[in-house]
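Accompanying notes for the structure given below.
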Amino acid sequence: MATSKREYAIKVGEYGDQLIKAANKYADYAGTASFTTEDEFDKFRKGWLLIVDDFRMIQSGINRLEVPNGHEEKGKELREAYQKYVDYIEEKTMKFGVSSKEEIDRIQRLELEQSKNIKKITEELKKEMFD
């Protein structure tokens with residue numbers, strides 16, 4: 004049986020809430036960055052990558068959702084937006100401490116842009132399904 008629009012919207016909303024929580028957790032962890040040795044830096048990055056795994060789990064959930072009939076195109080756009088967003092977070096994490104501040108800032112801008120895109124697509128999908 005196909006997923007109803009209501010069920011889909013509820014799940015997308017839940018994943019959106021999870022994404023916000025993961026983003027806050029990621030930012031809070033970044034604020035604890037305090038290391039002086041390579042070992043401390045590696046330990047910090049490993050902890051940060053565990054949070055990136057949270058983002059991947061959310062992305063996986065979005066990918067598993069069955070998009071209601073007639074809304075496949077927007078559903079695909081949403082999946083792709085989540086993919087890009089999580090990829091930028093992971094890239095920023097991997098480049099932290101080894102790339103220039105300008106490169107990190109560039110990735111962060113792309114991440115923010117993609118976050119806004121997720122919100123925009125979600126709103127468009129909601130409007131398409133319920134208006």
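Following my numbering, the residues of the sequence shown are numbered contiguously, the last one being 134.
The beta-carbon is built from N, C-alpha and C at its ideal position, and this holds for glycine as well.
Could you name the residues of the same chain whose beta carbon sits closer than 7 Å to that of residue i, not counting the 5 residues immediately before and after it, in chain order?
i	result
H74	L128, E131 and M132
E105	none
From residue i to residue j, what distance separates their C-alpha atoms?
i	j	result
E114	I13	24 Å
S102	F44	14 Å
A26	D134	30 Å
M60	D42	27 Å
R67	L81	12 Å
E17	K123	16 Å
F47	E116	26 Å
N120	T40	38 Å
V135	K28	Not covered by the structure: residue 135. The range shown for the chain is 4 to 134.
K8	Q21	20 Å
S37	A30	14 Å
T3	E94	Given that the chain is displayed from residue 4 to residue 134, the structure contains no residue 3 and the question cannot be resolved.
K79	P71	11 Å
For the alpha helix (DSSP H) that contains residue i, what are its first and last residues?
i	result
N66	E41 to R67
V70	Per DSSP, V70 belongs to no alpha helix (DSSP H) and is neither H nor E.
A30	K8 to A33
D90	E75 to K98
D108	K104 to F133
For residue i versus residue j, is the C-beta spacing smaller than 8 Å?
i	j	result
Y32	G19	no
Y88	S63	no
L53	T96	no
Keeping to the same chain, check which residues put their C-beta closer than 6 Å to that of residue i; ignore five residues upstream and five downstream.
i	result
D57	A25
Y139	It is not possible to answer for residue 139, since the shown part of the chain is limited to 4 through 134.
T35	none
Excluding sequence positions up to five away, which residues of its chain have a Cβ less than 8 Å from the Cβ of residue i?
i	result
K98	E106, I107 and I110
E112	In the sequence under discussion, the amino acid at residue 112 is Arg, which differs from the Glu named in the question. Taken in chain order, the list of residues that qualify is empty.
G100	F44 and R48
Roughly how far, in whole angstroms, is the beta-carbon of residue i from the beta-carbon of residue j, given that I think they are within contact range, below 8 Å?
i	j	result
V55	I92	6 Å
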